[in-house]
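Asks: Counting from 1, position 315 in the sequence shown corresponds to residue 359 in the working numbering; the numbering is continuous, with no gaps.
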Amino acid sequence: MSKVEGFSKWSKLEKIEFLARHLEQKNLQAPGKFSHLMQSFWHSNGDAQKIFDEFSENTITNFYFPYGVVPNFLLNGKSYCVPMVIEESSVVAACSKSAKYWSERGGFHATVVDTEKIGQVHFYWAGNPQKLEDFFKTKREELLQFVTPLTSNMRTRGGGINSLSLIDKTSEEPGLYQLFVSFETCDAMGANFINSILEALSQRWKEMVMDAPEFVGSEKELMVIMSILSNYTPNCRVHVQVQCPIGQLDDGHLGMAPQEFAFKFSKAIKIAELDVYRATTHNKGVFNGIDAVVLATGNDFRAVEACGHAYAAQSGRYRSLTHCSISDDTFTFWLDIPMALGTVGGLTGLHPLARVSLDLLNRPSASELMQVAASVGLAQNFAALRSLTTTGIQRGHMRMHLMNILNHLEANDDERHLAKEYFVDKVVSFKSVRDLLSSIRNYQ
Ligand code: MEV
Numbered sequence: 045m046s047k048v049e050g051f052s053k054w055s056k057l058e059k060i061e062f063l064a065r066h067l068e069q070k071n072l073q074a075p076g077k078f079s080h081l082m083q084s085f086w087h088s089n090g091d092a093q094k095i096f097d098e099f100s101e102n103t104i105t106n107f108y109f110p111y112g113v114v115p116n117f118l119l120n121g122k123s124y125c126v127p128m129v130i131e132e133s134s135v136v137a138a139c140s141k142s143a144k145y146w147s148e149r150g151g152f153h154a155t156v157v158d159t160e161k162i163g164q165v166h167f168y169w170a171g172n173p174q175k176l177e178d179f180f181k182t183k184r185e186e187l188l189q190f191v192t193p194l195t196s197n198m199r200t201r202g203g204g205i206n207s208l209s210l211i212d213k214t215s216e217e218p219g220l221y222q223l224f225v226s227f228e229t230c231d232a233m234g235a236n237f238i239n240s241i242l243e244a245l246s247q248r249w250k251e252m253v254m255d256a257p258e259f260v261g262s263e264k265e266l267m268v269i270m271s272i273l274s275n276y277t278p279n280c281r282v283h284v285q286v287q288c289p290i291g292q293l294d295d296g297h298l299g300m301a302p303q304e305f306a307f308k309f310s311k312a313i314k315i316a317e318l319d320v321y322r323a324t325t326h327n328k329g330v331f332n333g334i335d336a337v338v339l340a341t342g343n344d345f346r347a348v349e350a351c352g353h354a355y356a357a358q359s360g361r362y363r364s365l366t367h368c369s370i371s372d373d374t375f376t377f378w379l380d381i382p383m384a385l386g387t388v389g390g391l392t393g394l395h396p397l398a399r400v401s402l403d404l405l406n407r408p409s410a411s412e413l414m415q416v417a418a419s420v421g422l423a424q425n426f427a428a429l430r431s432l433t434t435t436g437i438q439r440g441h442m443r444m445h446l447m448n449i450l451n452h453l454e455a456n457d458d459e460r461h462l463a464k465e466y467f468v469d470k471v472v473s474f475k476s477v478r479d480l481l482s483s484i485r486n487y488q
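#1: I'd like to know whether the C-beta atoms of E317 and R281 end up nearer to each other than 7 Å.
#2: Is it a yes or a no for the region 124-134 touching the region 99-113, going by three-plus beta-carbon pairs under 8 Å?
#3: Within 6 Å: the Cβ of G112 and any heavy atom of the ligand MEV?
#4: Determine contact between the region 198-206 and the region 180-187, defined as no fewer than three beta-carbon pairs at a distance below 8 Å.
#5: Could you check if E412 is buried or exposed, using at least 16 other CB atoms within 10 Å of its CB as the buried criterion?
#6: Pick from V136, S209, K59, K77: whose alpha carbon is nearest that of I334?
#7: For the alpha helix (DSSP H) that contains W146, what are its first and last residues?
#8: Spatial neighbours of E68 within its chain, please: C-beta separation below 7 Å, excluding the five flanking residues on both sides.
#9: Are there any heavy atoms of the ligand MEV lying less than 6 Å away from the beta-carbon of N120, as far as the coordinates show?
#10: Within 6 Å: the Cβ of G291 and any heavy atom of the ligand MEV?
#11: Hey, how far is the Cα of N172 from the Cα of S140?
#12: Is it the case that the CB of G547 approaches a heavy atom of the ligand MEV more closely than 6 Å?
#13: Note down the Cα distance separating G121 from H153, rounded to an integer number of angstroms.
#14: Are the region 441-448 and the region 338-353 in contact at 8 Å, needing three or more beta carbon pairs?
#15: Quickly, what does DSSP pair H297 with across the bridge? List them, please.
#16: Does DSSP classify T29 as helix, strand or coil?
#17: Heavy atom of the ligand MEV less than 6 Å from the Cβ of I269, yes or no?
#18: Could you round the C-beta distance between M198 and T229 to whole angstroms and report it? I think they count as a contact, below 8 Å.
#19: First and last residue of the alpha helix (DSSP H) that includes Y362?
#20: Quick check: is any heavy atom of the ligand MEV less than 6 Å from the C-beta of I241?
#21: In this structure, does DSSP put E195 in helix, strand or coil?
#22: Locate the beta strand (DSSP E) running through P382, then write down its first and last residues.
#23: Pull up the DSSP beta-bridge partners for E228, would you.
#24: Do L402 and T387 have their C-beta atoms within less than 7 Å of each other?
#25: Across which residues does DSSP place K122 in a beta bridge pair?
#26: Taking the DSSP output, what are the residues bridged to V253?
#27: Indicate, with yes or no, if the ligand MEV has a heavy atom lying under 6 Å from the CB of G329.
#28: What is the DSSP secondary structure of Y221, counted as helix, strand or coil?
#29: Any idea what DSSP makes of H395, helix, strand or coil?
#30: My output table needs one value for M414: the three-state DSSP class, helix, strand or coil.
#31: The beta strand (DSSP E) that contains V282, what's its start and end?
#32: Assign Y276 to one of three DSSP states: helix, strand, or coil.
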């Protein structure tokens, strides 16, 4: 593509026309097709489209993802209709199946362990670490006072700064320190709140050091490298579990005794605790559920993923996020996972469908949403492990996959019907579906 100047300042149509010309020159799109396609995905309501355009930069159209729901999701004795945004076939179906299965066995039970968020000011200072520590102790309160105007709103809601400490990292890197700040951000994810406070703190801290009479020469120079929240929030964590007597695991479709199922299931978890290749896939399945809820509610799934994977590696080895025990004839399956979610602020209030998602969930607090998302993650993992340790994953997957292939090959209703019947007991592959469709089409 030729170099382009000032692209961001062009109108949406100018951007589309520019890209269309490029695609047409390369014979990648027929004349007029790209422009038509892009505009066909614009929202019919101009005001609504403006909202989407302003979420990001250089927006030319919208990228649709399916928005599904899982009704009858029993969590802490309450029935939820859970919204999920995900493109992967089978995820919503698997979650629904798991939700139904566990609703008949007492449902999901979740608790929020804590909701602590973290921020850091990373800086370099050349001097005696003890001298800095002593100085920090005398200035700590003044620093906190300095940011009270920024925290007052949050404090009226019950949040604010929980603690502020100086961390000496000089044993790992000469001259390196950080201000380590713990926050409570109530129902907000809190990124803007935290980052604003950190930047104010870092500036004041630098000035304090510069103005301190006890520091001389190079001791007056403190170099702030950056001030930023941490997406690793191990104490903003939720615990969720399901439990039942082993005999009750049998729903008539396991294809094996419930004891054997429980044994195989627990070994599947063991393998994900021991083997990083399996643990990654295992946890990916957990995030199939969590991400879908996080996206549907306008939260930051990259932050949630990054935090979850870091937590999975907290022992020094990347492990399964879910665990299982079999004792006294009881099967217990649980997930401990940190995640920083919000139900106010950010996209949660701006994206019209994120607002609808929160309405569907009966306007939950951030803590309640954490419990819902974690429970869906556990439900998803249960469904995956159940399939993997009984029928194998492909049976369920391929049914949905067949639909995708049929769509891709533009099958009509009759062809779909014939294909569904044909593949009831056969392996689905792109080639086998294409072959079937050609034989149907040739025959007609
Ligand atoms: C597919 O998206 C997720 C699974 O691979 C998860 C797992 O293997 O546990 C089915």
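Glycine residues also receive a C-beta, built at the ideal position from the N, C-alpha and C atoms.
Since the structure is predicted, the reported quantities are computational estimates derived from the model, not experimental observations.
Replies: Answer, in terms of the structure:
#1: Not in contact: E317 and R281 (Cβ atoms no closer than 7 Å).
#2: Touching, per the Cβ criterion.
#3: Answer for G112: no, Cβ out of range of the ligand MEV.
#4: Touching, no.
#5: Answer is buried; the Cβ neighbour count reaches 16.
#6: The residue with the shortest Cα to Cα distance from I334 is V136.
#7: From DSSP, the alpha helix (DSSP H) with W146 extends over 135-147.
#8: Taken in chain order, the residues that qualify are P75.
#9: Answer for N120: no, Cβ out of range of the ligand MEV.
#10: Not so, every heavy atom of the ligand MEV lies at least 6 Å from the Cβ.
#11: The alpha-carbon atoms of N172 and S140 are separated by roughly 60 Å.
#12: Since the first residue shown for the chain is 45 and the last is 488, residue 547 is missing from the structure and cannot be characterised.
#13: G121 and H153 have their alpha carbons spaced roughly 8 Å apart.
#14: Counting Cβ pairs under 8 Å, fewer than three are found: no touch.
#15: H297 has no beta-bridge partner at all, per DSSP.
#16: One cannot answer for residue 29 here, as it falls past the ends of the chain, which runs 45 to 488.
#17: No, since every heavy atom of the ligand MEV falls outside the 6 Å radius drawn around the Cβ of I269.
#18: Contact between M198 and T229 is confirmed by a C-beta separation of about 7 Å, below the 8 Å threshold.
#19: That residue, Y362, is in no alpha helix (DSSP H); it is neither H nor E in DSSP.
#20: Remark: the shortest separation between the CB of I241 and any heavy atom of the ligand MEV does not fall under 6 Å.
#21: Per the sequence shown, the amino acid found at residue 195 is Thr instead of Glu. Helix.
#22: Note, P382: beta strand (DSSP E), 374-382.
#23: Paired residue(s): G204.
#24: Closer than 7 Å, so yes.
#25: Partner(s): L119.
#26: DSSP, once it has assigned bridges, lists no residue as partnering V253.
#27: Flag set: Cβ of G329 near the ligand MEV.
#28: Under the three-state reduction of DSSP, Y221 is assigned to strand.
#29: DSSP, read as helix, strand or coil, puts H395 in coil.
#30: Helix.
#31: Where V282 is concerned, the enclosing beta strand (DSSP E) stretches over 280-289.
#32: If DSSP states are grouped into helix, strand and coil, Y276 belongs with coil.
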